[in-house]
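Sequence order for the protein chains is X and V. Going by this note's numbering, the first sequence opens with residue 15, and the numbers climb by one from there. Going by this note's numbering, the second sequence opens with residue 15, and the numbers climb by one from there. This report refers to the structure that appears directly beneath it.
2 protein chains.
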Amino acid sequence: MLVLGVDPGSLVTGYGLVKKEGGTLGYVAGGKISFPHPWPFHQRIHRIFSSLVEIIETYHPEEMSIEDIFFAKNVKSALKIGHVRGAALVAAVQCGVKVFEYTPLQIKQSVVGYGRATKEQVRAMVKLLLKLDTQFSLDTSDALAVAICHHNWVRFEDTLAV
Amino acid sequence: MLVLGVDPGSLVTGYGLVKKEGGTLGYVAGGKISFPHPWPFHQRIHRIFSSLVEIIETYHPEEMSIEDIFFAKNVKSALKIGHVRGAALVAAVQCGVKVFEYTPLQIKQSVVGYGRATKEQVRAMVKLLLKLDTQFSLDTSDALAVAICHHNWVRFEDTLAV
């Protein structure tokens, strides 16, 4: 199964594709969606949608895993991040990709085993789990972590179902 | 010129199409986008996008006018309304419709002449300006008001440009 992980951000949105074959996780692709800074906000929001549609049409993931957000620094930040998540959810549903949401705590616990892990600790663990020695931006490794979290969660559900 | 006004809401999103011909405003269509309550949030967000795309493809408005939001009751409300606005902005850009944003204060001042007008006062004024005697939901009249505000604003800009 191929999972698209998304780490939504109003300045940079990370994405990461992780497959699982025979119980082994593997890196497929990853990167970040960003824009020239003076772009109008509505153009940036559309770019997140159109980039995710392009990624989905290129790699054909079955499921999308996205960070759920309940807290924000303030109302202004919450509004911005809401727009980004909205664009990502529209892209997934539009392409017929199932959506799964995980809190930052669930993602960190699932990948690092510790809910208060730093972004650097998450990146180190992502590299270890996917056997990668290239360098990633923290946005990309966060997105890969969301995808890994979903793979682990599904495995856990499989175990429970036995 | 035909303008699509949008009043974004996470439970109900109003829309209203207002044309201007020879300096006269005219009602074209209006209504609200809502959903069965137990629908998952991501399906509701996508429904707002797909409904707006359908409305744009049916009526071909040149411009979309949408309520801008800077305040919300709390972070949770801001996140929700952000998703809705994100879906609406993606629909407009995807269909090549120009986006214009107005604050609630600008809309009320433009339509009623008083920035703290109630929704009922806005509806009464919308009915008067569009010469309508049918009853509207407050979501629909708010959306028509956003479209009227944009028509008035464009007129004001035309005047300035002379």
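Cβ atoms here follow ideal geometry from the backbone N, Cα and C, with glycine treated the same way.
{"Check": "Bridge partners - residue 115 (chain V), DSSP secondary structure assignment", "Outcome": "V:80"}
{"Check": "Local Cβ density within 10 Å of residue 145 (chain V), reported as buried at 16 or more and exposed below that", "Outcome": "exposed"}
{"Check": "Any chain X beta carbon closer than 7 Å to residue 89 (chain V)", "Outcome": "yes"}
{"Check": "Residue environment, residue 81 (chain X), which counts as buried when at least 16 other CB atoms sit within 10 Å", "Outcome": "buried"}
{"Check": "Contact set between the region 48–64 of chain X and chain V, restricted to residues whose Cβ is under 7 Å from the partner", "Outcome": "56, 57, 59, 60, 63"}
{"Check": "Partners in chain X for residue 108 (chain V), counting only beta-carbon separations shorter than 7 Å", "Outcome": "60"}
{"Check": "For residue 90 (chain V), the nearest candidate out of X:84, X:94, X:90 (CA to CA)", "Outcome": "X:84"}
{"Check": "Beta-carbon proximity of residue 125 (chain X) to residue 162 (chain X), cut-off 7 Å", "Outcome": "yes"}
{"Check": "Bridge partners - residue 45 (chain X), DSSP secondary structure assignment", "Outcome": "X:29"}
{"Check": "Alpha-carbon spacing of residue 127 (chain V) relative to residue 38 (chain V), whole angstroms", "Outcome": "18 Å"}
{"Check": "Local Cβ density within 10 Å of residue 15 (chain X), reported as buried at 16 or more and exposed below that", "Outcome": "exposed"}
{"Check": "Alpha carbon of residue 28 (chain X) to alpha carbon of residue 150 (chain X), nearest angstrom", "Outcome": "11 Å"}
{"Check": "DSSP bridge partner residues for residue 153 (chain X) (one or two, in chain order)", "Outcome": "According to DSSP, which records beta bridges pairwise, residue 153 (chain X) is partnered with nothing at all."}
{"Check": "Residues of the region 94–106 of chain X whose Cβ lies closer than 9 Å to any Cβ of chain V, in chain order", "Outcome": "94, 95, 96, 97, 98, 99, 100, 101, 102, 103, 104, 105, 106"}
{"Check": "Distance between residue 166 (chain X) and residue 160 (chain X) (C-alpha atoms, nearest Å)", "Outcome": "10 Å"}
{"Check": "Extent of the continuous alpha helix (DSSP H) run through residue 146 (chain X)", "Outcome": "Careful: residue 146 (chain X) lies outside any alpha helix (DSSP H) and carries neither H nor E."}
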